[in-house]
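Q: Chains A and B, in that order, give the protein sequences.
Residue numbering for the first sequence is 1 to 160, as defined by my numbering.
Residue numbering for the second sequence is 1 to 287, as defined by my numbering.
Just passing along the structure, written as structure tokens.
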Amino acid sequence: MKRMEMTVNEEKVVVEVTDDELLVYVIREKIGLTGTNVGCLGGDCGACTVLVDGLSTKSCTVLARTVEGAHIVTIEGLGSGGALDPIQQCFIQENAFQCGFCLPGMLLVTKELLQDIPAPDDEQIYRAIDGNLCRCTGYNTIISAVRSAAARCSEKDRPR
Amino acid sequence: MSYSYLAPRDGEELDEALRTAKGPMTVIGGGTVIIPRITFGQETPTTVLDLSKANLDGVGVEDGLTILGAMTTYRALNRFDGDPTVARLLHKVANVVTGGPQIRNRGTVGGSASYANPGSDIPGALTALDARCELRSPDGIRNVPISEFFVGPFTTCLHSNEALTSIAFPSPVAACGYYKFKLSQSSWPIVTAASILKADGKIQVAVGGLAGVPVLLQLDYPIGAADPEWRDHVRTLLQDPLDAAGGLWTDELAPGTYRARITPTIIARSIADCLSDQAIRPKEVQP
Chain A
1 MKRMEMTVNE EKVVVEVTDD ELLVYVIREK IGLTGTNVGC LGGDCGACTV LVDGLSTKSC
61 TVLARTVEGA HIVTIEGLGS GGALDPIQQC FIQENAFQCG FCLPGMLLVT KELLQDIPAP
121 DDEQIYRAID GNLCRCTGYN TIISAVRSAA ARCSEKDRPR
Chain B
1 MSYSYLAPRD GEELDEALRT AKGPMTVIGG GTVIIPRITF GQETPTTVLD LSKANLDGVG
61 VEDGLTILGA MTTYRALNRF DGDPTVARLL HKVANVVTGG PQIRNRGTVG GSASYANPGS
121 DIPGALTALD ARCELRSPDG IRNVPISEFF VGPFTTCLHS NEALTSIAFP SPVAACGYYK
181 FKLSQSSWPI VTAASILKAD GKIQVAVGGL AGVPVLLQLD YPIGAADPEW RDHVRTLLQD
241 PLDAAGGLWT DELAPGTYRA RITPTIIARS IADCLSDQAI RPKEVQP
């Protein structure tokens, strides 16, 4: 076992991991943040997406040892309970999920997109979510939610 | 699934790791393909050598050559501002890599090249650009032209104690184009075509997915690129390099005969993209 440190949702975390442990399992089973889902384990579905040093990452394709010292943001770090991120609020308003399994990944890639491109066009939105599979919505409401989130973020940042 | 993990932080540590690794070793770049393969038992290494901390992600210019670190990610390619002619093709390729931003954030040029999937975007693009690969082992460094790097489907000339550390691009190009065909948004490409317009007006096209390794062909200036006679001409030109590449590639996504049938059209579209690439083409080679 190797003792390693990383920052998860702004908190320092020390965990003991084996060389072959996937980041997704460390997050869920050793840190206890089960909002990060285990889906395909093949890097296809995007349900295990987290942000690693600000960049969206499929945590089933990364060894925990690889991200030693990194800053990780999981869905719990985006917002929960009564303190939802505007992106989460837009997904609720637009009915952009049903079963919710893809939702953590969809929300985190949207967060990354709006940090990179505050006012994305539709092509940029499609590209931002093209690593995340949803089997409920048909994607249209997700795209609407991302548009709404972009509009809300740019409204918030507009000089008054 | 149990293996030891090594993450060298510089060239010396990399040499040491390559020299001392026990048993079958798997080198990972971003890990986006290899880690799932290990998870599913398709690879069973005794040692995993992670290059992500080895400072192999820089881009620079040495002796007129643009040098790309093997750990350069697709995301970094989109921000790469080295040789604009090389960068333009790499931008085009990186922009259309399948798998979402998560894969573009972690997937690397060196990782994709070393995996040598016939349908990947990177092998064809590197072939079109006449890239040279720097391979490092405890025995030293050797430089290999890209035409010798890929030796078969999922097979490169890398020795078991060797890693791809950087890729050099020797010659400037006047314009470039890229087109690929895939069955769905999340599919691996079926056929890719990376086109380069050289300063002498000749066009070089590297076709991926058609054979086990990229197929390279040279074309005269392609007037009427989309017409049936030109497509027959391309089929004829392809025959020898295709034979040399080991013949048609077939996998679960498409038979080789299908790939062969669509290849001239994919090449034509790539060339059309290349010829519309006015942003970097100097006036003297414009048609």
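Glycine is no exception: its CB is placed at the ideal position from the N, C-alpha and C atoms.
As the structure is a computational prediction, the values presented were derived from the model and not from experiment.
Can you give me the Cβ contacts of Pro118 of chain A inside the same chain, cut-off strictly under 8 Å, excluding the 5 residues immediately before and after it?
A: Ala150, Cys153, Ser154 and Asp157
Q: Does the pairing of the segment 24-38 of chain B with the segment 141-152 of chain B give three or more beta-carbon distances under 8 Å?
A: Short answer: they don't touch.
Q: Which chain B residues sit within Cβ distance under 7 Å of Thr57 of chain A?
A: Against chain B, the beta carbon of Thr57 of chain A has neighbours under 7 Å at Gln102, Asn105 and Arg106, listed in chain order.
Q: Can you give, in chain order, each stretch of the alpha helix (DSSP H) that sits fully within the segment 43-114 of chain B and has at least 4 residues?
A: 74-79, 84-95 and 101-106
Q: Report the partner residues of Val27 of chain B according to the DSSP bridge assignment.
A: B:Leu49
Q: Look at the Cβ atom of Gly124 of chain B, then the Cβ atom of Pro264 of chain B, and state whether they are nearer than 8 Å.
A: No.
Q: For Glu94 of chain A, tell me which candidate among A:Ser56, A:Val13, A:Tyr139 and A:Val73 has the shortest Cα-Cα distance.
A: It is A:Tyr139 whose Cα lies nearest to the Cα of Glu94 of chain A.
Q: Do the segment 100-113 of chain A and the segment 69-77 of chain A make contact, defined as three or more Cβ pairs closer than 8 Å?
A: yes
Q: Report the partner residues of Val14 of chain A according to the DSSP bridge assignment.
A: In the DSSP output, where bridge partners are listed per residue, Val14 of chain A has A:Glu5.
Q: Is Thr61 of chain A close to chain B, meaning its C-beta is less than 8 Å from at least one C-beta of that chain?
A: yes
Q: At the level of alpha carbons, what is the spacing between Tyr25 of chain A and Leu41 of chain A?
A: 11 Å
Q: In the segment 121-144 of chain B, which residues sit with their C-beta less than 9 Å from some C-beta in chain A, listed in chain order?
A: none
Q: Just list the alpha helix (DSSP H) runs in the segment 71-136 of chain A, keeping only unbroken ones of 4 residues or longer that don't cross its boundaries, in chain order.
A: 75-78, 86-93, 103-116 and 122-128
Q: Less than 8 Å between CB atoms is the rule here; does Thr72 of chain B satisfy it with respect to chain A?
A: no
Q: If I'm right that Pro170 of chain B touches Leu65 of chain B with Cβ under 8 Å, what's the distance once you round it to whole angstroms?
A: 6 Å
Q: With respect to the alpha helix (DSSP H) encompassing Phe149 of chain B, which residues constitute its N-terminal and C-terminal limits?
A: Start and end: Ile146 to Phe149.
Q: What span of residues does the beta strand (DSSP E) with Pro189 of chain B cover, start to end?
A: Pro189 to Leu197
Q: Going by DSSP, what residue range makes up the alpha helix (DSSP H) through Val234 of chain B?
A: Pro228 to Ala244
Q: Return the chain-ordered list of same chain residues with a C-beta closer than 6 Å to the C-beta of Pro24 of chain B, the five sequence neighbours on each side being excluded.
A: Pro45 and Thr46
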